[in-house]
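Here the structure is laid out as structure tokens; the discussion comes afterwards.
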Amino acid sequence: MTDPWVRRHVLLYAWPHVIRRLRTRPLRARLLADLLRKANRR
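28 is the number of the first residue of the sequence shown in the numbering used here; add one for each residue after it.
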């Protein structure tokens, strides 16, 4: 139900957070990548 514009805003807002988590916890990189792929598919 969320618009693509809102989704882009959320991704841009959370992007630095994701990068920090990737640096601190590389093990979760795969999970985050999968979530991003699913979000992009929708």
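By construction, the Cβ of each residue, glycine as well, lies at the ideal position given by its N, Cα and C atoms.
- Rounded to the nearest whole angstrom, the CA to CA distance from H44 to R68 is 21 Å.
- For L49 against L63, the beta-carbon gap comes to about 11 Å, at or over 8 Å, which does not count as contact.
- Secondary structure note for D61: its alpha helix (DSSP H) is the uninterrupted segment A56 to R68.
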